[in-house]
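Comments concern the structure below.
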Amino acid sequence: MSGALPPESVQQTIREAVVDGMPQAVAELSRLVRIPSVSWDGFDPAHVQASAEAVAELLRGLGVFEEVRIERAARPSGEPGQPAVLARRAARNGRPTVLLYAHHDVQPPGDDAAWDSPPFEPTLRGDRLYGRGAADDKAGVIAHVAAIRALTAAVGDPDLGIACFIEGEEEFGSTSFTDFITTFRDELAADVIVVADSDNWDVDTPAITVALRGNVTLRLTVSTLAHASHSGMFGGAVPDAMLAAIRLLDTLWDADGAVAVRGLTSRAAEVPEISDAQLREDTGLLDGVVPIGRGPALDRLWNQPSITVTGIDAPSVRAASNTLTPSVSVKLSVRVAPGHRAADAWQAVREHLEANAPFGAVLAFDDVVTGEPFLVDTSAPAFGLAKSALEAGFGAPVVETGVGGSIPFIAELVEVFPEAQILVTGVEDPDTRAHSPNESLHLGVLRRAATSEAILLAALDGRA
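Per our numbering, the very first residue in the sequence shown carries number 1491; after that it's consecutive.
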């Protein structure tokens, strides 16, 4: 594997090719955005199929792949997952193979009234293209396409092996991912894997993700009574489930909001500085509301565990009656620090809840799902090469970042392809608002990301 970037003349050809191809890339991205490829149950799966076919057409049009096809794999239930696009060309003359990953499915749009323009009508305002999936992650698909076009413009027909895996249900939990990568292991096998599904430090500064938190999600049901009872007749003598649930949940955090569960570990690592004012601006924290936790803000987001109550099943205010509630269910989302096994985190949380159940409340645990955290091997040759390529493509030093969210399938890639060097890049920026109304892509970031990836591919090809 080459350890150096291609000559400056090749890099310049790549830059020019990406710039010249931007109108086509934006048009192709707009076409993809118009397809409402929501992969969640309850949405029309025909749109996801149409999106897969559009992506397959784009990859075939590049003229570099020996085969492009749409495949499905099985979910744990045995039902087929959403369609994914698989493409491959074999390496020649001893060159390595790179696997390019992105996903073509999107989140539901939410409330259309919260959008400044229709969510599935791509709209250009200034330097940003707005629409659901414009950034997450159809821009990742287009970044791969634009990078391959620029590569062939600079070196002709490369010797580099290239595979593409454009998933169709990442936003629905990648439920068929494990079966897909094992079923099609030979077609996906690669020396380097580029996952284009993360973000950058800002629109001018590239980032490469080195750490991802894992996750544990579960439904906790707290019960104290066999049936509802009159709150006036029995209140104050017997505990209702809401009281028990509130008291129990409060034990999960210290007074400052830091996680108080023994056994949930943190990762020791240096982080860049951001101010509380920046955190407030990025998150919409209301005036007078203070941040929670201890330590630098990014350390809390990247390297420490967190616990969030994301849902409660209980009588609504409108439907409330004067009764003691017998059972309350809550959905817990636990983010696991890099370096800590998700199974161990789940065990720590369960033991804490059982040890702190007030009034002898009966606890039940259901729908437990775990996803492993991930640490990039920053000593791998491809990592250094990717940093150099990003700096060449953006014209700015790379920031090594963590991500507070989870991408559990990356740990699965490590398990199935233990020898592969995995790189986590992206085309998003702090103003992207992925998953939210008014999601958008900064076109300058798309151009610089595609340029960087093309330079990396040319370096891996090693002939220039």
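C-beta atoms are modelled at their ideal positions from N, C-alpha and C, and glycine is treated no differently.
Check: So, using beta-carbon positions, are R1831 and F1855 closer together than 8 Å?
Finding: No, the pair does not count as a contact, with Cβ atoms beyond the cut-off.
Check: When DSSP labels each residue in this structure, what does P1570 get in the three-state scheme?
Finding: strand
Checklist line | beta strand (DSSP E) runs wholly inside the region 1807-1876, at least 3 long, in chain order | finding: 1817-1826 and 1852-1861
Item checked: Same chain, Cβ closer than 6 Å to F1864, five either side skipped, listed in chain order -> L1702, I1900 and A1901
Next item on the list: Identify which residue in S1926, L1950 and T1922 has its Cα closest to the Cα of S1688.
Entry: When each option's Cα is compared against that of S1688, the closest is T1922.
Next item on the list: Just mark I1652 as buried or exposed, buried being the case when its beta carbon has 16 or more other beta carbons within 10 Å.
Entry: buried
Check: Going by other Cβ atoms of all chains shown within 10 Å of its Cβ, with 16 needed for buried, is I1802 buried or exposed?
Finding: exposed
Notebook entry, point to check: At what residues does the alpha helix (DSSP H) containing L1933 begin and finish?
Noted result: First-last of the alpha helix (DSSP H) with L1933: L1933 to D1951.
Notebook entry, point to check: Which residues mark the beginning and the end of the beta strand (DSSP E) in which G1551 is found?
Noted result: Taken as a continuous stretch (DSSP letters only), G1551 belongs to no beta strand (DSSP E), being part of the alpha helix (DSSP H) at P1535 to G1551.
Notebook entry, point to check: Can you name the start and end residues of the alpha helix (DSSP H) that R1675 belongs to?
Noted result: Counted as a single uninterrupted DSSP element, the alpha helix (DSSP H) harbouring R1675 occupies residues R1675 to L1678.
Check: What does DSSP give as the partner residues of G1704 in its beta bridges?
Finding: V1826
Next item on the list: For my contact list, H1720 and N1793 are in at a C-beta cut-off of 8 Å; report their separation, rounded to the angstrom.
Entry: That pair is no contact at about 49 Å.
Notebook entry, point to check: Thinking C-alpha only, which one of A1581, S1713 and W1691 is nearest E1890?
Noted result: W1691
Note to self: Which of the three DSSP states is assigned to Q1911 in this structure?
What the structure shows: strand
Notebook entry, point to check: If we ignore side chains and look at the alpha-carbon of each, how far apart do D1772 and A1787 end up?
Noted result: 12 Å
Notebook entry, point to check: Looking at C-alpha atoms only, which residue of D1627, S1756, P1920 and L1739 is the closest neighbour of A1845?
Noted result: L1739
Margin query: Closest to F1667 by C-alpha separation, out of G1568, R1582, P1762 and G1623, would be which residue?
Written below: G1568
Next item on the list: Give the straight-line distance between the Cα atoms of P1729 and R1709, rounded to the nearest whole angstrom.
Entry: 21 Å
Item checked: Beta-carbon proximity list for D1601, same chain, < 8 Å, skipping 5 on both sides -> P1927
Next item on the list: Would you grab the beta carbon distance between A1712 and A1851 for me? Rounded to a whole angstrom, and I think it's under 8 Å.
Entry: It is Val, not Ala, that sits at residue 1712 in the sequence shown. Their Cβ separation, rounded to whole angstroms, is 5 Å, which keeps V1712 and A1851 in contact under 8 Å.
Notebook entry, point to check: So, is Q1514 buried or exposed, given that buried needs 16 or more other C-beta atoms within 10 angstroms?
Noted result: exposed
Notebook entry, point to check: How would you label E1660, buried or exposed, when you count the other beta carbons within 10 angstroms and need 16 or more for buried?
Noted result: Residue burial is scored here from C-beta neighbours: E1660 has at least 16 other C-beta atoms within 10 angstroms and is therefore classed as buried.
Notebook entry, point to check: For F1555, which of helix, strand or coil comes out of DSSP?
Noted result: coil
Next item on the list: From the DSSP output, in three-state form, read off L1742 for me.
Entry: coil
Margin query: Quick check: the Cα distance between G1894 and D1951, rounded to an integer number of angstroms?
Written below: For G1894 and D1951, the distance between alpha carbons rounds to 33 Å.
Check: Taking the alpha helix (DSSP H) that S1796 falls in, what are its first and last residues?
Finding: Run containing S1796: none in the alpha helix (DSSP H); it sits in the beta strand (DSSP E), S1796 to D1803.
Check: What's the C-alpha gap between P1526 and V1538?
Finding: The alpha-carbon separation between P1526 and V1538 amounts to approximately 7 Å.
Item checked: Continuous alpha helix (DSSP H) stretch holding H1593: start and end -> No alpha helix (DSSP H) holds H1593; the beta strand (DSSP E) holding it covers T1587 to H1593.
Next item on the list: Output the distance between the C-alpha atoms of L1769 and I1736, rounded to the nearest integer angstrom.
Entry: So the two alpha carbons sit approximately 28 Å from each other.
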